[in-house]
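Engineer: In my numbering, the protein residues as written are 817 to 1006.
Before I ask anything, here is the structure I am working with.
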Amino acid sequence: MKFCSQCGAPVTSRIPEGDNRERYVCGNCGTIHYQNPRIIAGCLPIYNQQVLLCRRAIEPRYGYWTLPAGFMENGESTEDAALRETLEEANANVLIRQLYTVTSIVHVNQVQMIYLAHLPEPEFSSSDESLEVQLFHENEIPWNDLAFETIRNALRFFFEDRQLGTFPLRHIELDISEKGKLITREGTAQ
Ligand code: ZN
């Protein structure tokens, strides 16, 4: 950030009084510009024994498969966002069953929340955001062509948990190590 979004004057990075980390502070109007993680919400839509995936028509990861998910908009709940993204990306109307994965993607300052969702009818189609939308059985999942580690985790957990017949909320933390390697920490809450 270079300029204040309130008044247009230059900002500087410093620790405000009573705070403990650097913020962008406007030298003119004094506004402190807090920057916080953004939330991504999406669905893992299930129809019979199959899951619905979308092949991305947008960067990043153009052409790779993903679950329908995207950034929350102001004025909506996480459930609203997950349903909207599923409609926008897959033209699919789903019913949310439960929150399933919460991933802190620490190195990019994002939190991703994926809901298990029921697709009542096999009705969906490609969109401006998806080249293809398709149902997959477990043995058909394009594991080598998934767009994101978060999607890989959600699908892996889903097929593991389906064997056990229970779907505990999964907490995952993704971060990049000092050597540049992606680290995954995971746990469940009962
Ligand atoms: Zn200002």
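Where is the CB? At the ideal position from N, CA and C, for every residue including glycine.
Every value quoted in this text rests on a predicted model; they were computed, and no experiment measured them.
State yes or no: is the C-beta of Pro853 within less than 7 Å of the C-beta of Gln926?
Structural biologist: Yes, they are a contact pair.
Engineer: Pair every Cβ in the stretch 830-841 with every Cβ in the stretch 900-908, then say whether three or more of these pairs are closer than 8 Å.
Structural biologist: no
Engineer: May I have the straight-line CA-CA distance separating Ala898 from Leu980, to the nearest angstrom?
Structural biologist: 26 Å
Engineer: Quick check on the burial criterion: 16 or more other C-beta atoms within 10 angstroms. Buried or exposed for Ser946?
Structural biologist: buried
Engineer: Would you tell me roughly how many angstroms separate the C-alpha atoms of Phe940 and Phe973, rounded to the nearest one?
Structural biologist: Looking at the two C-alpha atoms, the distance is approximately 24 Å.
Engineer: Rounded to the nearest angstrom, what separates Gln822 and Glu889 at their Cα positions?
Structural biologist: Taking the straight line from one Cα to the other gives about 21 Å.
Engineer: Just the Cα atoms here: how many angstroms apart are Ile930 and Pro861?
Structural biologist: 10 Å
Engineer: According to DSSP, simplified to helix, strand and coil, what is Leu911?
Structural biologist: In the structure shown, the three-state DSSP call for Leu911 is strand.
Engineer: Out of Asp977, Asn955, His953, Pro884, point me to the one whose CA is closest to Ala857's CA.
Structural biologist: Pro884
Engineer: Since Ala906 is in the alpha helix (DSSP H), which residue starts that stretch and which ends it?
Structural biologist: 894-906
Engineer: With Ile992 as the anchor, note down where its alpha helix (DSSP H) starts and where it stops.
Structural biologist: Premise fails: Ile992 lies in the beta strand (DSSP E), 985-992, not in any alpha helix (DSSP H).
Engineer: Counting only the same chain and skipping the five closest in sequence on each side, list residues whose C-beta sits under 6 Å from that of Asp977.
Structural biologist: The answer, listed in chain order, is Phe983.
Engineer: In the structure shown, what three-state DSSP assignment does Thr982 receive?
Structural biologist: coil
Engineer: Quick check: what's the CA-CA separation for Gly996 versus Leu869?
Structural biologist: Annotation: Gly996 to Leu869 spans about 29 Å, alpha carbon to alpha carbon.
Engineer: According to DSSP, Leu998 sits in a beta bridge with which residue or residues?
Structural biologist: Ile992
Engineer: Using DSSP's beta-bridge definition, name the partner residues of Arg1023.
Structural biologist: Any question about residue 1023 goes unanswered here, given that the chain covers just 817 to 1006.
Engineer: Count the other CB atoms within 10 Å of the CB of Phe819; is the residue buried (16 or more) or exposed (fewer)?
Structural biologist: exposed
Engineer: So which residues touch the region around the ligand ZN, with touch meaning a C-beta under 6 Å from any heavy atom?
Structural biologist: Cys820, Gln822, Cys823, Ala825, Cys842, Asn844, Cys845, Thr847
Engineer: Starting from the C-beta of His923, find all residues in its chain whose C-beta is less than 6 Å away, skip the five residues before and the five after it, and write them out in chain order.
Structural biologist: Asp991, Ile992
Engineer: Between the Cα of His849 and the Cα atoms of Ile855, Asp835, Cys859, which residue gives the shortest distance?
Structural biologist: Asp835
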